Amino acid sequence: TVTGMAPGTATITATMNVTYTATCAITVEDPSYCSPSFSTPSDDYISNFTTTGGDFNINNSSTYESGGYSDYYDSYSATIEQGSTLTCSVTPSSTSWTYGHAIWVDWNNDFAFADTEKVAYSSSVAAGVWTESFEVPSTIAAGDYHMRVIHAYNENPTNPCMSANYGEAEDYKLTVLAA
């Protein structure tokens, strides 16, 4: 077992007795999040995503992104204390069509969004701006977390890695401070 290797390629040589030597190369890849995709998102994108209730909040106006996925983790972040409530709003590109929404936060930083990490979601599809709040658990360690917002035409997202025809997904940084 080899643990604690940084991403890249390492060569390991093992000598067994005096007669046999074995050499192998191991490639360790950077972990990454799945990329949701939307085949025709040019009319069904998130035109604005905002947060309120944090010490620092997000206000991101954007346009259509090819493939329907935008990673804003290094560009936009919300900062909030443990046990506090963050309110999120999604403004769709069209306020006359119906959309479903969901937000996940990778609380254990394992590069996967578990069902238990879905922190906000729409119970039915609706037209217009969607606003929902969630509480940051008081037991979550202070640090940076990956937050994914999904906006899907005429369906409630249940999979943070979904593929669909119409919609968009955006990723953001959520920084949690000790209370």
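At position 5 of the sequence shown the residue is numbered 5 (our numbering), and the sequence of numbers has no breaks.
C-beta atoms are modelled at their ideal positions from N, C-alpha and C, and glycine is treated no differently.
Note that the coordinates shown come from a computational prediction; the quantities given were computed from them, not determined experimentally.
For GLY53, which option in TYR153, VAL149, THR131 has the closest C-alpha, if you only look at C-alpha atoms?
Answer by Cα proximity: THR131.
To the nearest angstrom, how far is it from the Cα of SER84 to the Cα of VAL176?
Whole-angstrom Cα-Cα distance: 10 angstroms.
Which whole-angstrom value describes the C-beta separation of TYR153 and GLY167, a residue pair presumed to lie in contact below a C-beta threshold of 8 angstroms?
Indeed, because the Cβ distance is near 5 angstroms, the residues count as touching under 8 angstroms.
When burial is assigned at 16 or more other CB atoms within 10 Å of the CB, is SER39 buried or exposed?
So SER39 ends up on the exposed side.
Nearest-angstrom Cα distance between PRO31 and ASN109?
The straight-line gap from Cα to Cα measures roughly 11 angstroms.
Cutting at 7 angstroms between CB atoms, please list the residues of its own chain near SER61, excluding the five before and the five after it.
These residues qualify, in order along the chain: SER47, ASN48.
Give me, in chain order, the residues of the same chain whose beta-carbon lies closer than 6 angstroms to that of GLY128; leave out the 5 immediate sequence neighbours on both sides.
The answer, listed in chain order, is THR95.
Which word fits SER75, buried or exposed, when buried means at least 16 other C-beta atoms lie within 10 angstroms of its C-beta?
SER75 is exposed by the Cβ-count criterion.
Taking only the alpha-carbon atoms, compute the straight-line gap between SER138 and ILE80 and give it to the nearest angstrom.
If you take the alpha carbons of SER138 and ILE80, they lie about 11 angstroms apart.
Using only the alpha-carbon positions, how far apart do LYS118 and SER93 sit?
About 24 angstroms.
Should ASP115 be labelled buried (16 or more other beta-carbon atoms within 10 Å of its own) or exposed?
Counting Cβ neighbours within 10 Å, ASP115 comes out exposed, since fewer than 16 surround it.
Are THR63 and CYS88 close, meaning C-beta to C-beta below 8 angstroms?
No, Cβ-Cβ distance for THR63 and CYS88 is not below 8 angstroms.
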